[in-house]
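Offset between the sequence shown (1-based) and the UniProt record's numbering: plus 451.
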Amino acid sequence: LEDQFAKAQKMQAVGNLAGGIAHDFNNVLTVITASVDFLLMNQKPGDPSFQDLLLIKQSANRAASLVRQLLAYSRRQTMRPKMLSLTDVVADLDLLLKRIAGDRTRLERRHARDLWPVMADIGQFEQVITNLVGNARDAMPDGGTITIATRNVEDHEVAAFGYGELGTAEYVLVEVSDTGTGMPPEIAERIFEPFFTTKEIGKGTGLGLSMVYGIIKQSNGFIFVDSTEGKGTVFRIFLPRFVPEPQLGVAPKVGAVEAVE
Ligand code: ADP
């Protein structure tokens with residue numbers, strides 16, 4: 452538990468630092484991009500500096516996308532939870548997710564009926580799903596299938612997963628699985644660490660899954676990964692079932708009034 456607390460503190464510190472740097476860095480990038488655009492306006496593809504300027508522009512764009520991820524990462528602390536259905540959130544993302552998945556990848560959804568509500572921040576949960584789907588796509592360079600499934604997990608089913616931490620409670624389960632490369636245990640062990648990435652420079656920041664982890668923890672949930680090399684990967688997210696309080700005091704009964712008197 453102490454170890455987890457230290458990890459959470461470390462992630463918070465990295466988040467704050469990253470957010471501060473990202474903000475200043477963004478201003479610098481704006482100047483670079485605007486200047487390169489200006490120079491490119493007076494250039495033709497055959498000119499001696501054209502390729503170099505283009506390279507600067509592309510690099511600045513990549514840096515800007517990295518900064519956006521850093522800012523998103525540091526903003527994760529502000530959360531406005533609402534009662535919502537995770538099926539609805541995933542279904543509303545369908546178009547975006549298909550675009551992220553790309554042409555070579557099939558995206559399937561399986562939603563159990565009458566999903567319990569949870570307390571979560573829609574924007575944050577959207578980030579979680581888009582991140583997982585983006586990673587799944589990256590793990591399937593030759594195409595494959597991504598499946599997103601949502602269902603209720605009753606308290607007596609929890610132990611069967613073998614994830615001890617869950618205790619006994621009721622959860623809504625969201626599974627994101629892919630038929631990609633999978634990963635060896637020594638990688639799977641580290642994927643939630645900030646800045647851990649196996650992707651080449653400019654392709655990955657290593658912040659996606661640590662952001663996902665932070666969001667799920669903040670929502671009192673759990674996330675686990677099961678991966679088999681050459682077969683694929685499953686991410687399982689458990690969020691506690693939200694049970695709304697019965698509405699009290701809306702229509703006072705006669706008995707209640709008598710008791711006050
Ligand atoms: P990034 O995507 O920028 O590398 P993440 O934190 O999102 O950062 O992921 C960290 C690493 O976890 C990835 O570089 C990759 O090695 C591994 N990973 C994440 N998702 C999957 C997946 N679905 N299949 C295989 N490896 C994965």
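Virtual Cβ for every residue (Gly too), placed ideally from N, Cα, C.
Quick check on DSSP: helix, strand or coil for residue i?
i	result
Arg557	strand
Lys495	coil
Ala571	strand
Arg550	helix
residue 410	Residue 410 lies beyond the residue range present for the chain, which begins at 452 and ends at 712; the question has no answer from this structure.
residue 717	The shown model of the chain, from 452 to 712, leaves out residue 717, and the question about it has no answer.
Gly613	coil
Ala514	helix
Ala563	coil
Arg687	strand
Thr481	helix
Val694	coil
Thr581	helix
Glu709	Summary for Glu709: the model assigns pLDDT 45, below 50, so the residue's position carries little reliability; its value from the coordinates is reported in the next sentence. In the structure shown, Glu709 sits in a helix (DSSP, three-state: H, G or I).
Are residue i and residue j closer than 7 Å when you measure CB to CB?
i	j	result
Thr619	Leu566	no
Arg555	Gly594	yes
Ala571	Ser661	no
Val676	Phe689	no
Asp579	Leu548	The residue asked about is misnamed: residue 579 is Val in this sequence, not Asp. The answer is no: Cβ separation not under 7 Å.
Ala552	Arg588	yes
Pro635	Glu696	no
Asn582	Val663	yes
Val487	Leu504	yes
Arg513	Gly613	no
residue 767	Ile597	Only positions 452 to 712 of the chain appear in this structure, which leaves residue 767 out of reach.
Quick one: does the C-beta of residue i sit closer than 6 Å to a heavy atom of the ligand ADP?
i	result
Ile580	no
Met634	yes
Gly659	yes
Lys668	no
Lys650	yes
Ala590	yes
Ala542	no
Using C-beta distances below 7 Å, list every residue in its chain close to residue i, excluding the 5 sequence neighbours before and after it, in chain order.
i	result
Leu506	none
Gln520	Thr656 and Leu658
Val540	Ile573, Phe576 and Glu577
Gly683	Ser628, Asp629, Thr630, Gly631 and Gly633
Met591	Thr556, Asp629, Thr630 and Gly631
Gly706	Low confidence applies to Gly706: its pLDDT is 49, below 50, so where it sits in the model is not reliable, and the reading given next is rough at best. Excluding residues within five positions, none has a Cβ falling inside 7 Å.
Short of 8 Å in beta carbon distance, which residues of its chain neighbour residue i, apart from the five on each side in sequence? Order them along the chain.
i	result
Asn603	Ala563, Asp565, Leu566, Trp567, Glu621, Tyr622, Val623, Leu624 and Arg692
- Task: Pick out the complete alpha helix (DSSP H) segments inside the region 621-682, 4 residues or longer, and give them in chain order.
- Result: 636-639 and 659-669
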